[in-house]
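For reference, the structure discussed in these notes is given below.
Number of protein chains: 2
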Amino acid sequence: MKNTRNTRARTEILNLITSSEEALSHSQIQSSLKDLCDRFTIYRVLDRLTYEGIIHKVVNIDGVIRYAKCHNCDEKHHPDHIHFSCEQCHTVTCLEDVEPQFKLPKKYKVHEVNFTVSGICPSCS
Amino acid sequence: MKNTRNTRARTEILNLITSSEEALSHSQIQSSLKDLCDRFTIYRVLDRLTYEGIIHKVVNIDGVIRYAKCHNCDEKHHPDHIHFSCEQCHTVTCLEDVEPQFKLPKKYKVHEVNFTVSGICPSCS
DNA sequence: ACTACATTTGCAATACTGTTGCATTAATAA
DNA sequence: TTATTAATGCAACAGTATTGCAAATGTAGT
């Protein structure tokens, strides 16, 4: 595995995602960053951060991929937590304490999980 | 609500999805249909079938939207079932009997659910 | 602090994905 | 068979994403 470098783009994008309460899409990140770097770099930084396991992907029912960083993962990691997508304010948030229970037939090998629930969030109802 | 018509495109697309074991993406449907109709029509037919509740959407972690029809929904509908995405053969299948249990904080109103698990399916392992 | 070097970035080119307006076609009901 | 209205096909457009390559930059070693 190759070394990874702390570039300005990487630092800023990670800061943005870490300080955000909600999961951010590529376009949201792009407009926040303005001209710090171009959109190609954003794609590549997000891929790198995901590959390194520092952030995780969330996919909404509309197919928009967003990125988030758990805030309490330092204590205990909840890799399978649910994400909530509000139909009104269009924010996607991690519900890090909600971990669904399910049983797959034995022969399935699970690597990754994507649980998204859409509806109305507390602030909009 | 307006009336819906049984056009050739609609019939063929629904047949395709119904007879398929796996969830199909727009591009998969397009290449199966060849020149039956153009891609714009496919988009619109899929939207209509989804709106009418005849088929349902599945979103993979890569953001690709696929469409599927439950085969045992006539007996009992399982709207919240899990979908499995195989990383090797890239098929997405409905696990209609696997319905996960989860508890959201009271203030969240749930309308829709998207549960996808990726890994290796039985035929690939 | 300087240098070497591999990683990362920026840009160009390209392809895929998805939406909308409008004229035409075709499915349905009478 | 005809009238009506949904559905289609086409054009135009916009957003999303990938890749190759040269230039820039971060990092380790000196």
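Chains as they are written, first to last, in the numbering used here: chain A, 82 to 206; chain B, 82 to 206.
Glycine residues also receive a C-beta, built at the ideal position from the N, C-alpha and C atoms.
- DSSP, read as helix, strand or coil, puts Gln169/A in coil.
- Closer than 9 Å to the CB of Asp119/B there is not a single CB belonging to chain A.
- Less than 9 Å separates the beta-carbon of Ser199/A from that of Asn195/B.
- Val139/A is not a Cβ neighbour of Ala90/A, given a cutoff of 9 Å.
- Taking Val173/A as the centre and dropping the five residues before and after it, the same chain places the C-beta of Glu103, Ala104, Val139, Asn141, Arg147, Ala149, His164, Phe165, Ser166, Cys167, Thr197 closer than 8 Å to its C-beta, in chain order.
- Per DSSP, the beta bridge partners of Cys175/A are His164/A.
- Interface residue (Cβ-Cβ distance to chain B less than 9 Å): Ile123/A is not classified as such.
- Within the segment 166 to 182 of chain A, those residues whose Cβ lies closer than 8 Å to any Cβ of chain B are, in chain order, Glu168, Leu176, Val179, Glu180, Pro181, Gln182.
- When the five nearest sequence neighbours on each side are left out, the beta carbons in the same chain lying within less than 8 Å of the beta carbon of Val145/B are those of Ser106, in order along the chain.
- In the displayed model, Leu185/A falls within coil according to three-state DSSP, outside both helix and strand.
- Looking at His152/A, Gln169/A, His171/A, Val179/A, the one whose alpha-carbon comes closest to that of His162/A is Val179/A.
- The beta-carbon distance between Gln111/A and Ile123/A, rounded to whole angstroms, is 6 Å. This is short enough to meet the 8 Å contact definition.
- When the Cα atoms are used, Lys190/A and Asn84/B turn out to be separated by approximately 44 Å.
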